[in-house]
Amino acid sequence: MSSFSKAPQQWATFARVWYLLDGKMQPPGKLAAMASVKLQGLHKPVYHQLSDCGDHVVIMNTRHIAFSGNKWEQKVYSSHTGYPGGFRQVTAAQLHQKDPVAIVKLAIYGMLPKKTFTEEL
Numbered sequence: 487m488s489s490f491s492k493a494p495q496q497w498a499t500f501a502r503v504w505y506l507l508d509g510k511m512q513p514p515g516k517l518a519a520m521a522s523v524k525l526q527g528l529h530k531p532v533y534h535q536l537s538d539c540g541d542h543v544v545i546m547n548t549r550h551i552a553f554s555g556n557k558w559e560q561k562v563y564s565s566h567t568g569y570p571g572g573f574r575q576v577t578a579a580q581l582h583q584k585d586p587v588a589i590v591k592l593a594i595y596g597m598l599p600k601k602t603f604t605e606e607l
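This is the structure:
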């Protein structure tokens, strides 16, 4: 019988790591793609669709994200309040001025699987 324990190896495999991403001059889609892979745990060898084996992600400098072209005025974010006539549209510049984190958060939310992970955000 060996005295080797697999506990440290399993702990290192299933441990949640913190990732720090810098959003300065990065497009929101690129940030969201990197963050969604880390949040789901797709980069780990023990990935399974139904298990929550993802890591933690912190994105800093979301105030300084960059859109290509004329997307600040042309990209529109839509929502509905649930009431008649409650369809709301806001441009990326207006949404960014109100909440700098919202654009990146919506991009990440759109890239995550809808049933398993978005409920836990």
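Each residue of the sequence shown is one higher than the one before, counting from 487 in our numbering. C-beta: ideal position from N, C-alpha, C; glycine also.
Rounded to whole angstroms, what's the CA-CA distance from G555 to D541? Just pull it up for me. The alpha-carbon atoms of G555 and D541 are separated by roughly 33 Å.
Cross-strand partners of R574 (DSSP beta bridge): As computed with DSSP, R574 is found in a beta bridge with S565.
Smallest Cα separation from L536: which of G527, M597 and V543? The shortest C-alpha separation from L536 is found at G527.
Would you grab the beta carbon distance between Y505 and V543 for me? Rounded to a whole angstrom, and I think it's under 8 Å. The Cβ separation is near 5 Å, so the contact holds.
Can you tell me the Cβ-Cβ gap for A578 and Y563, rounded? I've got them flagged as a contact below 8 Å. Contact between A578 and Y563 holds, with the beta-carbon distance rounding to 7 Å and staying under 8 Å.
Close-in-space but distant-in-sequence residues of the same chain around V523 (CB under 7 Å, 5 per side omitted): The residues H529, in chain order, have a CB closer than 7 Å to that of V523 in the same chain once the five nearest residues on each side in sequence are set aside.
State yes or no: is the C-beta of D585 within less than 9 Å of the C-beta of N547? Going by C-beta atoms, D585 is not nearer than 9 Å to N547.
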